[in-house]
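I have placed the structure first, in the form of structure tokens, so that the comments after it can refer back to it.
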Amino acid sequence: MRFAPTPDEPRLTPFPGGIRLPAHKEVSTQRPIAALPLLPLYVVPLRQHIGEPARPIVQAGDRVLRGQMIGRPEGYVSVGVHAPTSGRVLAVEPRPVPHPSGLADLCVVIEADGEDRAVEPTPLDWHVMDASSLRNRLREMGLAGLGGAVFPSFIKLNPGARRSIPILILNGAECEPWITCDDLLMRQRASEILLGAQIMRHMLGAQQVLVGIEDNKPQAIASMMEAAIGSDIRVVAVPSIYPAGGGKQLTYLLTGRETPAHGLTTDVGVQVFNVGTAYALYRAVVHGEPLTSRIVTVTGHVAAPGNFEVRLGTPIADLLAAAGGELTGATGRVIGGPMMGFELKDTAAPVTKAVNCVLVKDAVHFPPPPPALPCIRCGACARACPMRLSPHELYWYARHRDFGKTQALNLFDCIECGCCSYVCPSHIPLVDYYRFAKSEIWAREREKKAADEARARHEFRLQRLEREKQEKAERLAKKAAERLESGAVSAQDPDAERKRAILAAAIEKARKAKEGVQPRNVDDLPEAVRKEIASIDARRTGGNGADPTP
Amino acid sequence: MPTSPHIVLADNSVRAVMFKVLAALVPGVVVHAWMFGPAIWVSLLLTTLFCLVIEALVLAMRDLPLKPFLSDGSVLVTAWLLALSLPTLLPWWLYALGSLFAVLVAKHLYGGLGQNVFNPAMVGYAVLIVSFPAHMNLWPAPVGVAGHTPNLMEALDLVFAGQGAVSPDAYTAATPMDQLRAQVRTGLSAEAVAAASFGLHAKEALVLSYALGGLLLLAHRVITWHVPVAFLGALVATATLLHLIDPGRHADPLFHLLTGSTVLGAFFILTDPVSASTTPLGKLIYAGLAGVITVLIRSFGAYPDGVAFAVLLMNAAVPFIDAYTQPRVFGHSRGRRT
Ligand code: SF4
Ligand code: SF4
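Sequences listed follow chains A and B, in order. According to the working numbering, the first sequence is numbered sequentially starting from 578. According to the working numbering, the second sequence is numbered sequentially starting from 1171.
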């Protein structure tokens, strides 16, 4: 299908590096989004987003309705979790979850009653609602980024001290091969996505809305362009060069604005949301439905690949079954795409807000990597790196455990996109080395922090002992002075001279002790310890032992 | 447990890269044989054989697996570049010695594939030219220029017996570079020598065939434009400058382009990834300086060709160049270097 580019197409600024990848999108785009039948059992993790897990507010035996909150956001960076259908809570217990670590995590296990009754929807009047309560509702309704990062949306929708963020970008690039959930969503629900974008724009105070879609999705582009007619939202086809869907890459591509290292796109006045998030926001605000389902691509070596509207908490085994099941010769499953996804260890793990794709591997499309050879310094990796790093140098130092050097070469700017590993003729698992180096550095930093704290505690103790010594000396000196004044040492006392000398010495000692304490350096103590010292100081000078401050 | 990325570029391997380099050398080898007689096949076969055997022995000694390393093709590239840099018709043991220094010393004593600081073929060449300058100055005259070009049997005879039915002097000629140097000393102008020097057509054909191979490498993205452009550009610029200053002593840039291993060096030797700079700016500096040094050695030095020494000198500077030419990382401000 052809589409005419709009005449005011913004000029694209190609980001550094990047690679063209075989897309394999057609495998899962042959049929429209399908719904999954209601299942008997759902396993809903309380940690489906970045940040603090939600706190469970139901217990075994409770009856729940679809859309009822079962996990309350805990702490600031957190969102709510809701029941995907009506039924009974069987347990709140650790279960396998889709996570690279393969560890279990706390889940609410719900037995469906088959009636799928929902709580009363609570549409929001976003035009008139004040921004902060709107954000708060979105937080409770569980909105988190559906592109894979699952960062709580309400935080990203807060322009904060900036008051407004001029550019809103909808990310429909979907640059990872095989994945098509955003493609299908844009084909089928374009106007809903754009309604969601209008709400986002309102909340951010954005003047401009851009939608970036890779040019290997002509149907999605056409459908979004049609939905954008009559609005000033601009749909832009971007070249299919991985990782065009990276937030910083897409921002650069569409606006030419380079996000500072370790910064956010908002630092350059841009906020980026995945199209799926815009759709979920639309459902939440206009229909008053909390986030309880998402679109998931099931593709690769399965009988009937496609896209499915999946309730969060659906065991992946059931999802695979809905896609006709794995074909013989399947060699593994990846959650996410082939470039950045991770291997799923247990199909009992459920679909979460972060799961956009279940990719079943086979030996033809995913042959085991050939054995690694030494680096020949060909530089292919550096040419492919979208961050303009020197992957071969990073590899060299990571391998030799020279982590200081890896940091100097900006290891922490690496987004683990995998471009370097992909093009390496020596088949070196470069990204593995970067993950290893990063985790080593984190571990060391934790150790260092622990050691710093231990040192601070030790210093604190020394200081306390010193202070006690000083106070004791002061007390004695005071007494001595009193005695001197009160004439306790009488003139007739033959020892008077000696006693007077002792008392004077005590006073002098106290003065010296006091001076001695002052120079002790507390500058390099951690903030918390300094505060503690200050509060103790306040207590000591403020009263006689009673604690005035809580 | 497999980790991301779960896919790799198809048909991509060290072997694929090296075989592309070998394929790109084929036009040069064929033209060489056509222009200078079949002797190149003998030397090419000898260096290939010696290099492979030495590589296998060293791998065995180092307890490394033979198959992946022998089949990666890197040792073949070394062998071919060595053969194309050396004169043909040398006694066989010189090819053996060159191979030994290239593979054992330059490559494996530095740690093997990917670890060598210096270009192995150039190390082999440099050792021979320093130790056996008399042998290294004799090149077979191009077909049709000298009275007689050795056929395959005669070439084998010369290489292995050292003495053939005829003495090597009958077929070989000093290189144009040497001729130039000698004539300049005896008072003939460089221009006159360059114009009169034999075999310019053969040289041109050879240089063009190397350039063709280089373009193939560029098209297949085995190399980038930086090294050939910087090297040839700097070489021409330096030669032009010297020629303008004193045309009587210094040959014109075309002469430099067509002489020795200039073009072979630009596309195949300086571009050896292991021993070259890897950053875009670094490549420009590395190859540009090599171009300048090449002309300086040719014009003022004692050796007939400067490419090898220029390459080795710049190889030594690569770690330094790379460290100071790291590109600006995305999102970092310019000028902040860590
Ligand atoms: S692509 Fe691989 S072999 Fe080439 S420089 Fe990078 S790490 Fe080394
Ligand atoms: S994984 Fe890191 S080093 Fe490799 S290409 Fe991506 S950003 Fe660059």
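Glycine included, each C-beta is placed from N, C-alpha and C at the ideal position. Predicted model, so just to flag it, every value in this text is computed and none were measured.
Taking SER1509 (chain B) as the query, report the chain A residues whose CB atoms sit under 8 Å from its CB, ordered along the chain. Outside the modelled stretch of chain B, which goes from 1171 to 1508, sits residue 1509 (chain B), for which no answer is possible.
Are the C-beta of ILE1393 (chain B) and some C-beta of chain A separated by less than 7 Å? The residue you call residue 1393 (chain B) lines up with position 223 of the second sequence. Not closer than 7 Å to any Cβ of chain A, the Cβ of ILE1393 (chain B) fails to qualify, so no.
Within 6 Å: the Cβ of SER1003 (chain A) and any heavy atom of ligand 1? Locating residue 1003 (chain A) in the first sequence gives position 426, where the first residue counts as 1. At least one heavy atom of ligand 1 is nearer than 6 Å to the Cβ of SER1003 (chain A), so yes.
Test: PHE943 (chain A) CB closer than 7 Å to a CB of chain B: Looking up residue 943 (chain A) in the first sequence gives position 366. Closer than 7 Å to some Cβ of chain B, the Cβ of PHE943 (chain A) qualifies, so yes.
ALA959 (chain A) versus chain B: which residues are under 7 Å apart at the beta carbon? To locate residue 959 (chain A), count along the first sequence from 1; it is residue 382. Neighbours of ALA959 (chain A) on chain B, chain order: THR1448.
heavy atom of ligand 1 below 6 Å from HIS601 (chain A) C-beta: On the first sequence, residue 601 (chain A) is found 24 positions in, with the first residue counted as 1. No, Cβ of HIS601 (chain A) sits at least 6 Å from all heavy atoms of ligand 1.
Output needed in chain order: residues of the segment 1184-1196 of chain B with a Cβ under 7 Å from some Cβ in chain A. VAL1184, ALA1186 and VAL1187
Using the DSSP secondary-structure output, state which residues sit across from THR876 (chain A) in a beta bridge. As a working note, residue 876 (chain A) is residue 299 in the first sequence. Partner(s): A:LEU936.
With 16 as the cutoff for other CB atoms within 10 Å, does GLY648 (chain A) come out buried or exposed? Against the first sequence, residue 648 (chain A) aligns to sequence position 71. Counting Cβ neighbours within 10 Å, GLY648 (chain A) comes out buried, since at least 16 surround it.
At 4 residues or longer, and completely inside the segment 807-854 of chain A: list those alpha helix (DSSP H) runs for me, N to C. 824-832
For chain B, find out if any of its Cβ atoms is closer than 7 Å to the Cβ of TYR999 (chain A); answer yes or no. Taking the first residue of the first sequence as 1, we reach residue 999 (chain A) at position 422. For TYR999 (chain A), the answer is yes, since a Cβ of chain B falls inside 7 Å of its Cβ.
Taking MET1171 (chain B) as the query, report the chain A residues whose CB atoms sit under 7 Å from its CB, ordered along the chain. As a working note, residue 1171 (chain B) is residue 1 in the second sequence. By Cβ distance, chain A contributes GLU920.
Cβ-based neighbour list, VAL1488 (chain B), same chain, cut-off 6 Å, excluding 5 preceding and 5 following: The residue labelled residue 1488 (chain B) in the question sits at position 318 within the second sequence. Same-chain partners within the cutoff: SER1447.
Around the Cβ of ASP1475 (chain B), are there at least 16 other Cβ atoms within 10 angstroms (buried) or fewer (exposed)? Start at 1 with the first residue of the second sequence, and residue 1475 (chain B) comes out as number 305. Buried: at least 16 other Cβ atoms inside 10 Å.
Using a Cβ-Cβ cut-off of less than 7 Å, give me the residues of the segment 1484-1505 of chain B that come near chain A, in sequence order. GLN1496, PRO1497, ARG1498, VAL1499, PHE1500, GLY1501 and HIS1502
Run through the DSSP bridge pairs and tell me what MET646 (chain A) is partnered with. For the purposes of this step, residue 646 (chain A) is identified with residue 69 of the first sequence, where counting begins at 1. The partner list for MET646 (chain A) (beta bridge, DSSP) reads A:HIS659.
Where ILE790 (chain A) sits in the DSSP three-state scheme: Working through the first sequence from its first residue, we reach residue 790 (chain A) at position 213. It is a strand residue.
Would you mind stating whether VAL658 (chain A) and ALA631 (chain A) have Cβ atoms separated by less than 7 Å? For this step, residue 658 (chain A) is matched to residue 81 along the first sequence. For this step, residue 631 (chain A) is matched to residue 54 along the first sequence. Contact: yes.
Measure the alpha-carbon distance for THR1449 (chain B) versus MET964 (chain A) and round it to whole angstroms. For the purposes of this step, residue 1449 (chain B) is identified with residue 279 of the second sequence, where counting begins at 1. For the purposes of this step, residue 964 (chain A) is identified with residue 387 of the first sequence, where counting begins at 1. The straight-line gap from Cα to Cα measures roughly 14 Å.
Strictly below 9 Å CB to CB, what residues from chain B border VAL911 (chain A)? The residue you call residue 911 (chain A) lines up with position 334 of the first sequence. What VAL911 (chain A) touches in chain B: PRO1172, SER1174 and HIS1176.
Using 10 angstroms around the beta-carbon of LYS1025 (chain A), count the other beta-carbons present and answer buried if the total reaches 16, otherwise exposed. Working through the first sequence from its first residue, we reach residue 1025 (chain A) at position 448. It counts as exposed.
Is any beta-carbon of chain B found at less than 7 Å from that of ASP1009 (chain A)? Your numbering for residue 1009 (chain A) matches position 432 in the first sequence. Closer than 7 Å: yes.
Using 6 Å as the cut-off, classify the Cβ of MET964 (chain A) as near or not near the heavy atoms of ligand 2, replying yes or no. Reading the first sequence from its first residue, position 387 is the one you call residue 964 (chain A). It does: the Cβ of MET964 (chain A) is within 6 Å (strictly closer) of some heavy atom of ligand 2.
Identify which residue in B:SER1269, B:LEU1227 and B:VAL1201 has its Cα closest to the Cα of LEU1216 (chain B). Numbered from its first residue, the second sequence carries residue 1216 (chain B) at position 46. The shortest C-alpha separation from LEU1216 (chain B) is found at B:SER1269.
Is there at least one non-hydrogen atom of ligand 2 closer than 6 Å to the beta-carbon of PRO1175 (chain B)? For this step, residue 1175 (chain B) is matched to residue 5 along the second sequence. No; taking the cut-off as 6 Å, the Cβ of PRO1175 (chain B) has no heavy atom of ligand 2 nearer than that.
Return yes when the C-beta of ILE953 (chain A) is under 6 Å from any heavy atom of ligand 1, and no when it is not. Looking up residue 953 (chain A) in the first sequence gives position 376. Because some heavy atom of ligand 1 lies under 6 Å away, the Cβ of ILE953 (chain A) counts as near it: yes.
First through last residue of the beta strand (DSSP E) which encompasses CYS1221 (chain B): Here residue 1221 (chain B) corresponds to residue number 51 of the second sequence, with the count starting at 1. Not the beta strand (DSSP E): CYS1221 (chain B) falls in the alpha helix (DSSP H), residues 1209-1231.
Rounded separation between ALA898 (chain A) and VAL863 (chain A) - CA only: Mapped onto the first sequence, residue 898 (chain A) falls at position 321. Mapped onto the first sequence, residue 863 (chain A) falls at position 286. Cα to Cα, ALA898 (chain A) sits roughly 33 Å from VAL863 (chain A).
Between GLY906 (chain A) and chain B, is there a C-beta pair that is closer than 7 Å? Reading the first sequence from its first residue, position 329 is the one you call residue 906 (chain A). No, because no Cβ of chain B sits closer than 7 Å to the Cβ of GLY906 (chain A).
Between GLY628 (chain A) and SER730 (chain A), what straight-line distance do the alpha-carbon atoms span, to the nearest angstrom? Along the first sequence, read from residue 1 onward, the residue named residue 628 (chain A) stands at position 51. Along the first sequence, read from residue 1 onward, the residue named residue 730 (chain A) stands at position 153. Computed Cα separation, rounded: 12 Å.
Between the C-alpha atoms of SER1445 (chain B) and CYS955 (chain A), what's the straight-line distance to the nearest angstrom? Against the second sequence, residue 1445 (chain B) aligns to sequence position 275. Against the first sequence, residue 955 (chain A) aligns to sequence position 378. Whole-angstrom Cα-Cα distance: 10 Å.
Give the range of the alpha helix (DSSP H) segment to which LEU1283 (chain B) is assigned. Position 113 of the second sequence, counting from 1, holds the residue named residue 1283 (chain B). Run containing LEU1283 (chain B): none; DSSP gives neither H nor E here.
Assigned exposure category for GLY1294 (chain B) - 16 Cβ within 10 Å defines buried: Here residue 1294 (chain B) is taken as the residue at index 124 of the second sequence, counted from 1. Result: buried.
Less than 7 Å between the C-beta atoms of GLU866 (chain A) and PRO698 (chain A), yes or no? One-based indexing of the first sequence puts residue 866 (chain A) at position 289. One-based indexing of the first sequence puts residue 698 (chain A) at position 121. The answer is yes: Cβ separation under 7 Å.
Any heavy atom of ligand 1 closer than 6 Å to the beta-carbon of ALA957 (chain A)? Counting from one through the first sequence, the residue named residue 957 (chain A) turns up at place 380. It does: the Cβ of ALA957 (chain A) is within 6 Å (strictly closer) of some heavy atom of ligand 1.
In three-state DSSP terms, what is ASN713 (chain A)? For the purposes of this step, residue 713 (chain A) is identified with residue 136 of the first sequence, where counting begins at 1. Three-state result, ASN713 (chain A): helix.
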